[in-house]
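Visitor: Take a look at the following structure, please.
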Amino acid sequence: MSDSTAVAADPGRLRARLADEGYVFLRGLLPAEAVAAARRGVVTELARGGWTDDQGRPAGERRAVNVRDALTDPAFRAALTSPGLNLLPYLPPFRRLIRSLLGAEAFSYPVKVLRAVYPERPPAITLGRYVHQDYQNSGVQDMLTTWLPLMDIPAEVGGLAVLPGSNLGPPVRPRLLRRHERGWVTADYRPGDVLIFHCMTAHAALPNRTSAMRLSTDCRWQRPDQTAPAEMVLGPARARSGQPVELFSRMFAGEKWWEPVPAGLTLRAREELAAAGAPPAPSRFFPLHPGWQGWQPPGGPLR
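In this text, residue positions in the sequence shown follow the working numbering: the first is 41, and each later residue adds one.
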């Protein structure tokens with residue numbers, strides 16, 4: 041995986057790499073102590089719920105294969121709402137870098153994704169192991185996803201792989217990434233590393249072949265002049281009930297690091313937004329492949 045750390049202070053070169061390869065990878069962008077604190081908070085809650093021991097190793101019965109299943113577990117929800125984890129996208133170096141790519145008012149969705157991935161036991165396979173592009177489930181053009189390891193994640197623990205240049209190609213059909221498929225890149229990830237990729241970049245998680253629980257988080261960013269998915273700002277329950285209160289605002293508004301989403305943001309249900317985005321609007325970064333003109337939103341529930 042190409043390391044862009046050396047050009048982190050050059051927005052023009054970062055945007056060029058994002059346009060050409062569909063991703064930007066930076067070593068050590070985040071303070072290691074902040075990531076370590078986030079991991080401790082996650083592990084503490086998961087251990088209380090019987091997911092792991094106090095070192096983060098799997099313990100007891102397997103609780104969930106996918107994030108959607110995990111959200112039904114109180115311990116997982118407590119880990120997801122832990123302050124250290126939610127702090128990460130508000131860290132100044134992180135926010136400053138994203139805004140150098142998207143613009144000064146870019147913001148992260150209050151909803152973050154926590155991934156606690158057990159060692160893989162076939163035939164059970166997590167949804168993240170399937171090749172996909174985030175645009176197909178969001179409908180927000182130029183949305184950026186940021187993936188953060190909460191622990192050392194060498195290749196055998198899994199981590200994320202991306203297909204460089206796939207943002208310039210046609211839509212991909214969801215499929216399991218094959219073991220020896222050519223062209224894909226990954227890295228031995230360390231806490232503090234940040235992987236940023238465009239919503240049209242094909243990516244997939246790799247299998248966890250060890251005995252460790254893989255812990256990572258991802259959050260998504262967009263510009264405020266675009267309609268945002270209501271579920272990612274209000275949370276799924278509030279979006280369904282019509283409560284216009286930003287998720288976690290009551291929990292974290294008193295924290296110095298917290299920043300609300302921009303005022304006047306237009307929200308729309310994710311299913312409607314994805315359907316309205318066919319074909320996609322032009323990207324600010326690169327020309328769209330003609331294959332997107334005939335694209336239709338995916339059927340079934342969105343991940």
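Cβ atoms here follow ideal geometry from the backbone N, Cα and C, with glycine treated the same way.
Only a predicted model underlies this, so the values are computations on that prediction, with no experimental measurement involved.
Compare the C-alpha of Gly62 against each of Leu154, Cys239, Trp297 and name the closest.
Guide: Cys239
Visitor: Below 8 Å on the Cβ atoms is my guess for Phe288 versus Pro150; work out the distance and round it to an integer in Å.
Guide: Contact between Phe288 and Pro150 is confirmed by a C-beta separation of about 5 Å, below the 8 Å threshold.
Visitor: Three-state secondary structure (DSSP) at Leu203?
Guide: coil
Visitor: Which residues in the same chain have their Cβ closer than 6 Å to the Cβ of Gly340, if we skip the five residues on either side of it in sequence?
Guide: Low per-residue confidence applies at Gly340: pLDDT is 49, beneath 50, and the placement is therefore not dependable enough to give any value.
Visitor: Using C-beta distances below 6 Å, list every residue in its chain close to Ala314, excluding the 5 sequence neighbours before and after it, in chain order.
Guide: Gly179, Pro337
Visitor: Per DSSP, what kind of secondary structure is Ser42 in: helix, strand or coil?
Guide: coil
Visitor: Does the beta-carbon distance from Ala245 to Arg169 come in below 8 Å?
Guide: yes
Visitor: Tell me the residue span of the beta strand (DSSP E) that contains Ala245.
Guide: Under the DSSP assignment, Ala245 falls in the beta strand (DSSP E) whose first and last residues are 243–245.
Visitor: Measuring only the C-alpha atoms, how far is Pro231 from Ser148?
Guide: 20 Å
Visitor: Where do the ends of the beta strand (DSSP E) carrying Ile193 lie?
Guide: That residue, Ile193, is in no beta strand (DSSP E); it is neither H nor E in DSSP.
Visitor: Can you pull the DSSP bridge partners for Val157?
Guide: In the DSSP output, where bridge partners are listed per residue, Val157 has Arg254.
Visitor: What do you reckon, are the CB atoms on Val153 and Ala119 nearer than 8 Å?
Guide: The answer is no: Cβ separation not under 8 Å.
Visitor: Are there three or more Cβ pairs, one per stretch, closer than 8 Å when the stretch 175–194 is compared with the stretch 249–265?
Guide: In short, these stretches touch, since the Cβ pair count reaches three.
Visitor: Taking only three categories from DSSP, how would you classify Phe393?
Guide: In the structure as shown, the chain begins at 41 and stops at 343. Residue 393 is therefore absent and cannot be evaluated.
Visitor: Can you grab the Cα-Cα spacing for the pair Glu311 / Ala110, in whole Å?
Guide: The alpha-carbon separation between Glu311 and Ala110 amounts to approximately 22 Å.
Visitor: So, helix, strand or coil for Trp335, using DSSP?
Guide: coil
Visitor: Going by CA-CA distance only, name the one from Gln95, Pro247, Leu217, Leu127 that's closest to Gly294.
Guide: Leu127
Visitor: Just to confirm before moving on: does the CB-CB distance between Leu255 and Ala156 stay below 8 Å?
Guide: Between Leu255 and Ala156, the CB-CB gap stays under 8 Å.
Visitor: Using the Cβ count rule (16 or more neighbours within 10 Å means buried), how would you classify Arg218?
Guide: exposed
Visitor: Within the same chain, show all residues whose beta-carbon is closer than 6 Å to that of Trp297, passing over the 5 residues directly before and after it, in chain order.
Guide: Apart from sequence neighbours up to five positions away, the residues of its chain that approach Trp297 with a beta-carbon distance below 6 Å are Leu127, Tyr130, ordered along the chain.
Visitor: Any beta carbon of chain C sitting closer than 8 Å to that of Asp113?
Guide: In the structure shown, chain C cannot be found, because there is only a single protein chain.
Visitor: Name the one or two DSSP bridge partners that Ile236 has.
Guide: Ile236 is bridged to Val64, Thr186.
Visitor: Quick check: the Cα distance between Leu167 and Asn106, rounded to an integer number of angstroms?
Guide: So the two alpha carbons sit approximately 6 Å from each other.
Visitor: Going by C-alpha distance, which of Trp335, Ser122, Glu73, Ala59 is nearest Met291?
Guide: Ser122
Visitor: Under 7 Å Cβ to Cβ from Pro214, same chain only, skipping five residues before and after it: list those, please.
Guide: Same-chain partners within the cutoff: Tyr170, Val171, His172.
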